[in-house]
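Asks:
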Amino acid sequence: MSDLRSEFMGVYEQLKGKILKDLDINLTNGACDWVAKMLNHNLLGGKLNRGLSAIDSYSLLKEGKQLTSEEIIQISSLGWCIEWLQGYFLVHDDIMDGSSKRRGQPCWFRLSEVGMIAVNDGILLRNHIAVILKQHFRGKPYYVDLLELFNEVEYQTASGQMIDLITTKGRDLSKYSLPVHRRIVQYKTAYYSFYLPVACALLMAGENLDNHANGKDILIKMGIYFQVQDDYLDCFADPRVLGKNGTDIKDFKCSWLVVKALELCNEEQRKLLDENYGQDDGACVAKIKALYKDLKLEDVYQEYENNTYEELKNSIEDQETKLSKAMQAVLKSFLAKIYKRKK
Numbered sequence: 037m038s039d040l041r042s043e044f045m046g047v048y049e050q051l052k053g054k055i056l057k058d059l060d061i062n063l064t065n066g067a068c069d070w071v072a073k074m075l076n077h078n079l080l081g082g083k084l085n086r087g088l089s090a091i092d093s094y095s096l097l098k099e100g101k102q103l104t105s106e107e108i109i110q111i112s113s114l115g116w117c118i119e120w121l122q123g124y125f126l127v128h129d130d131i132m133d134g135s136s137k138r139r140g141q142p143c144w145f146r147l148s149e150v151g152m153i154a155v156n157d158g159i160l161l162r163n164h165i166a167v168i169l170k171q172h173f174r175g176k177p178y179y180v181d182l183l184e185l186f187n188e189v190e191y192q193t194a195s196g197q198m199i200d201l202i203t204t205k206g207r208d209l210s211k212y213s214l215p216v217h218r219r220i221v222q223y224k225t226a227y228y229s230f231y232l233p234v235a236c237a238l239l240m241a242g243e244n245l246d247n248h249a250n251g252k253d254i255l256i257k258m259g260i261y262f263q264v265q266d267d268y269l270d271c272f273a274d275p276r277v278l279g280k281n282g283t284d285i286k287d288f289k290c291s292w293l294v295v296k297a298l299e300l301c302n303e304e305q306r307k308l309l310d311e312n313y314g315q316d317d318g319a320c321v322a323k324i325k326a327l328y329k330d331l332k333l334e335d336v337y338q339e340y341e342n343n344t345y346e347e348l349k350n351s352i353e354d355q356e357t358k359l360s361k362a363m364q365a366v367l368k369s370f371l372a373k374i375y376k377r378k379k
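Below, the structure is given as structure tokens:
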């Protein structure tokens with residue numbers, strides 16, 4: 037994995053260098069320096085799971101055949117396009133949520149020299165994806181499929197973000213339910229975090245995405261499970277391990293935890309939720325966390341995680357006649373990466 041990550045980082049430097057070279061032709065040195073700093077701040081420092089998963093998926097689809105240097109560069113470039121898309125989403129998401137930290141450092145827009153310039157920087161990140169795809173894949177028979185895939189997933193994710201944001205408006209907990217939460221996370225997280233890396237690998241392997249609907253369904257379910265994990269970690273994980281301070285409670289997010297709390301609470305506890313959830317006040321946040329403890333939501337989550345893992349594992353094995361061995365290996369690899377994760 038260390039060698040893979042090292043090669044992946046090498047491709048990042050190549051992609052960044054080409055973007056900066058193109059900028060240097062038309063823009064000032066100050067602009068090039070700005071973009072270089074912006075890219076490093078917003079694309080590095082994370083786990084790079086989405087980008088590396090594209091490489092893992094492609095390797096598994098090749099069923100043990102050694103990848104050529106060209107294949108490594110190409111699939112790494114697709115992996116970085118996913119990381120660029122992630123960076124674009126996070127820059128804007130942090131602004132909308134008013135977040136303070138991301139990956140253990142200040143959010144890009146929080147830097148005094150940046151501010152709302154970050155809005156335009158997010159747009160630049162999205163446009164860099166088109167540049168990279170054109171440079172590396174324009175002559176490929178699946179080039180248009182890649183463009184459509186990234187456009188479709190961006191639209192799905194933005195729609196999920198919209199549902200998330202409008203659901204939080206009005207501070208009305210009666211709007212929150214498991215179906216609403218599932219709809220938000222399916223669109224906001226599952227498509228770009230789980231389906232996109234595998235879809236990129238499938239296209240590069242010469243596959244038709246329409247032939248992999250069963251695998252897509254399982255990946256979306258994994259994405260929902262992944263976001264439930266995120267909701268849990270936002271409240272219960274050590275911020276030093278997580279790399280950020282949890283904000284779901286003060287931001288009035290439709291979190292899995294608050295949905296479960298609404299299901300389990302009594303009348304008095306519901307009143308406490310109504311009065312304290314969504315308040316940007318440390319004492320209010322502490323009261324909600326204490327309520328979660330009283331409702332034993334940590335135990336409820338552990339049961340959910342164990343049951344969901346078994347359901348997903350069985351789904352993969354039960355689809356033996358509809359999924360190739362390579363695709364089963366891809367799905368099992370994803371599941372192993374996220375089960376019992378801590379950050």
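Residue numbers (the working numbering): 37 to 379.
Just so it is clear, CB atoms sit at the ideal spot from N, CA and C, and this is done for glycine as well.
Going by other Cβ atoms of all chains shown within 10 Å of its Cβ, with 16 needed for buried, is K101 buried or exposed?
Replies: The Cβ neighbour count for K101, taken over all protein chains shown within 10 Å, is under 16; the residue is labelled exposed.
Asks: Expressed to the nearest angstrom, what Euclidean distance is found between the alpha-carbon atoms of D246 and F186?
Replies: 16 Å
Asks: Specify the secondary structure class of K98 as computed by DSSP and reduced to three states.
Replies: In the three-state reduction of the DSSP assignment, K98 falls in the coil class, being assigned neither a helical nor a strand state.
Asks: Could you give the DSSP three-state label for K252: helix, strand or coil?
Replies: Here K252 sits in helix by DSSP.
Asks: Return the CA-CA distance between I165 and E303, expressed in angstroms with no decimal places.
Replies: 50 Å
Asks: For P215, write down the residues that DSSP places opposite it in a beta bridge.
Replies: For P215, which the question treats as bridged, DSSP gives no partner whatsoever.
Asks: Could you tell me if M132 is buried or exposed, where buried requires 16 or more neighbouring beta carbons within 10 angstroms of its beta carbon?
Replies: exposed
Asks: Taking the alpha-carbon positions, what's the K376 to L63 distance?
Replies: 47 Å
Asks: Give the DSSP bridge partners of P142, in chain order.
Replies: K137
Asks: Only counting the same chain, and skipping five residues up and downstream in sequence, which positions put a Cβ closer than 6 Å to that of K52?
Replies: L75
Asks: Go ahead and label D270 buried or exposed: buried means 16 or more other beta carbons lie within 10 angstroms of its beta carbon, across all protein chains shown.
Replies: That one is buried.
Asks: CB Q265 to CB I374, shorter than 8 Å?
Replies: yes
Asks: Could you tell me how far apart the beta carbons of R86 and E119 are, in whole angstroms, since I believe they sit closer than 8 Å?
Replies: 6 Å
Asks: Nearest CA to the CA of D274: which residue from F262, Q355, K378, L183?
Replies: Residue K378 is the option with its Cα nearest to D274.
Asks: Where does Q315 fall in DSSP's three states?
Replies: Three-state DSSP puts Q315 in coil, outside helix and strand.
Asks: Assign A273 to one of three DSSP states: helix, strand, or coil.
Replies: coil
Asks: Below 6 Å CB to CB, which residues in the same chain sit around Y261 once its five sequence neighbours on both sides are set aside?
Replies: T344
Asks: Taking DSSP as the reference, what is the three-state secondary structure of L298?
Replies: helix
Asks: I need the boundaries of the alpha helix (DSSP H) containing M74, first residue and last residue.
Replies: 65-79
Asks: Does the Cβ of I386 have 16 or more other Cβ atoms within 10 Å, making it buried, or fewer, making it exposed?
Replies: Residue 386 lies beyond the residue range present for the chain, which begins at 37 and ends at 379; the question has no answer from this structure.
Asks: Would you call the segment 191-200 and the segment 216-231 touching, i.e. three or more CB-CB distances under 8 Å?
Replies: yes
Asks: Take the Cβ of R276 as the centre, count every other Cβ of all protein chains shown within 10 Å, and call the residue buried at 16 or more, exposed below.
Replies: exposed
Asks: Let's see if you can read the secondary structure: which residues bound the alpha helix (DSSP H) around P233?
Replies: Run containing P233: 232-240, per the alpha helix (DSSP H) assignment.
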